[in-house]
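Trainee:
Residue numbers (the working numbering): 4 to 372.
#1: Are residue 247 and residue 189 close, meaning C-beta to C-beta below 9 Å?
#2: Out of curiosity, what's the CA-to-CA distance linking residue 225 and residue 367?
#3: Which residues in the same chain have their Cβ closer than 7 Å to the Cβ of residue 31, if we skip the five residues on either side of it in sequence?
#4: So, using beta-carbon positions, are residue 151 and residue 349 closer together than 9 Å?
#5: Which stretch, first to last residue, makes up the alpha helix (DSSP H) that contains residue 302?
#6: From residue 353 to residue 37, what distance separates their C-alpha atoms?
#7: Are there 16 or more other CB atoms within 10 angstroms of the CB of residue 459, so buried, or fewer, so exposed?
#8: Beta-carbon within less than 7 Å of residue 8's beta-carbon, same chain only, minus the 5 sequence neighbours each way: which residues are those?
#9: Can you tell me which of the three DSSP states residue 5 falls into?
#10: Can you list, in chain order, the residues of its chain whose CB lies under 6 Å from that of residue 321, leaving out five sequence neighbours each side?
#11: Considering only residues of the stretch 232-312, which uninterrupted alpha helix (DSSP H) runs meet the minimum length of 4 residues and lie entirely inside it, listed in chain order?
#12: Kindly confirm or deny that the stretch 224-239 and the stretch 142-161 touch, where touching means at least three C-beta pairs closer than 8 Å.
#13: On the three-pair Cβ rule with 8 Å, is the stretch 235-243 touching the stretch 296-308?
#14: Taking the DSSP output, what are the residues bridged to residue 45?
#15: Pick out whichever of 182, 138 and 193 has its Cα sitting closest to the Cα of residue 166.
#16: Go through the stretch 150-225 residue by residue and report every complete run of the beta strand (DSSP E) that reaches 3 residues or more, in order.
#17: Do residue 273 and residue 118 have their beta-carbon atoms positioned less than 9 Å apart in this structure?
#18: Could you name the residues of the same chain whose beta carbon sits closer than 8 Å to that of residue 164, not counting the 5 residues immediately before and after it, in chain order?
#19: Which residue or residues does DSSP assign as beta-bridge partners of residue 111?
#20: Grouping DSSP H, G and I as helix and E and B as strand, with all else coil, what is residue 137?
#21: Since residue 288 contacts residue 342 with CB under 8 Å, what's their CB separation in whole angstroms?
#22: DSSP on residue 29, reduced to helix/strand/coil?
#23: To which residues of the same chain is residue 202 closer than 7 Å at the C-beta, ignoring the five residues directly before and after it?
#24: Applying the criterion that 16 or more other CB atoms from any shown protein chain within 10 Å of the CB defines a buried residue, is residue 80 buried or exposed?
#25: At which residues does the alpha helix (DSSP H) containing residue 54 begin and terminate?
#26: Would you give the residue range spanned by the alpha helix (DSSP H) that residue 319 belongs to?
#27: Helix, strand or coil: how does DSSP classify residue 121 here?
#28: Return the CA-CA distance between residue 309 and residue 208, expressed in angstroms with no decimal places.
#29: Is it true that the CB of residue 147 sits closer than 9 Å to the CB of residue 351?
#30: In this structure, how does DSSP classify residue 142 when only helix, strand and coil are distinguished?
#31: Expressed to the nearest angstrom, what Euclidean distance is found between the alpha-carbon atoms of residue 346 and residue 228?
Shown next as structure tokens:
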């Protein structure tokens with residue numbers, strides 16, 4: 004097979020060291036092993052640990068300002084240097100229409116890692132929706148991180164079914180793993196929730212559920228920051244949870260936090276594309292409580308590898324917490340099954356392999372240069 008020149012376009016948070024960053028390093032390593040070359044473009048520098056790992060592989064990182072300039076000539080010059088432009092963590096708008104139209108003869112592959120917003124819940128101007136559709140029709144192929152997102156893309160934008168596929172996110176199961184041996188913890192059951200503190204994350208419902216439990220049953224830790232933090236701190240005081248809730252801020256040691264956790268709760272109330280933090284918690288052997296919404300039911304097998312609850316239902320979250328707080332054996336069963344499910348279906352090695360297979364298929368398929 005002819006070696007490919009691949010450009011990966013990503014916008015990562017430079018303070019974060021998580022599964023997307025691990026995926027990027029693994030993708031670079033596997034691409035080089037297959038004989039391809041790979042460069043990475045981003046809006047901001049990657050985390051120093053990731054930068055060092057990429058440098059050791061000889062993989063370049065370049066600022067993506069050339070694309071945001073919206074200059075057709077600049078994009079055309081860039082595209083001539085690559086066979087495949089692999090776009091991650093961008094919505095269909097932004098610079099992507101420019102890339103899609105100007106990049107020929109390079110093949111543009113778009114990864115949809117976010118759910119398409121419900122047009123009934125958030126109406127958008129017709130011109131925006133039309134631009135989204137034209138963009139998605141123009142790219143060579145679209146990969147969604149769940150069947151839920153794939154079906155949304157096909158239904159809303161009317162793109163041909165063969166043009167869209169699902170490539171699930173992948174977890175580094177060597178980094179995210181259960182504690183060995185399993186600890187015999189005394190005292191309150193340790194509960195963790197992680198993510199950006201925005202209203203759609205549903206943390207307020209989790210707080211209200213914890214407030215109904217017996218005092219001292221659980222110790223809730225919140226990893227993340229965001230615009231709702233002040234409101235959540237105020238809610239914790241109002242509910243009398245100051246001693247039960249601990250705000251940890253943004254953390255890059257989520258793997259270590261998860262190994263100290265008995266139950267991971269993901270109470271989102273809006274459409275979740277996949278649930279990366281949930282998958283990381285599953286790989287770490289935590290018992291899972293998550294909303295039955297978006298792509299989460301594809302990740303969690305109800306009653307086997309976790310418990311699913313209706314979105315926004317504090318009572319259901321509380322009932323699930325009571326069940327697991329009272330039954331350590333059930334927590335351990337769910338945690339072991341969760342770990343097994345991720346190892347069998349959602350590893351970073353599988354994800355990287357499928358992404359590079361996709362690049363090779365598209366680069367050498369019909370219409371390629």
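We put the beta carbon where it would ideally sit given N, CA and C, even for glycine.
From a predicted model like this one, the values you see are computed outputs, not experimental measurements.
Mentor: Inspection of the coordinates gives the following:
#1: no
#2: 46 Å
#3: 41, 57, 60 and 62
#4: no
#5: 299-302
#6: 15 Å
#7: Any property of residue 459 remains undetermined from this structure, which presents the chain solely from 4 to 372.
#8: 40, 84, 85 and 86
#9: coil
#10: 212 and 215
#11: 232-241, 257-262, 279-286 and 299-302
#12: no
#13: no
#14: 13 and 66
#15: 138
#16: 167-169 and 192-197
#17: yes
#18: 157
#19: 88
#20: helix
#21: 5 Å
#22: helix
#23: 231
#24: exposed
#25: 51-60
#26: 317-329
#27: With a pLDDT of 47 at residue 121, under the threshold of 50, the modelled position of that residue is not reliable, and the figure given next carries that caveat. In the structure shown, residue 121 sits in coil (DSSP, three-state: anything other than H, G, I, E or B).
#28: 19 Å
#29: no
#30: coil
#31: 29 Å
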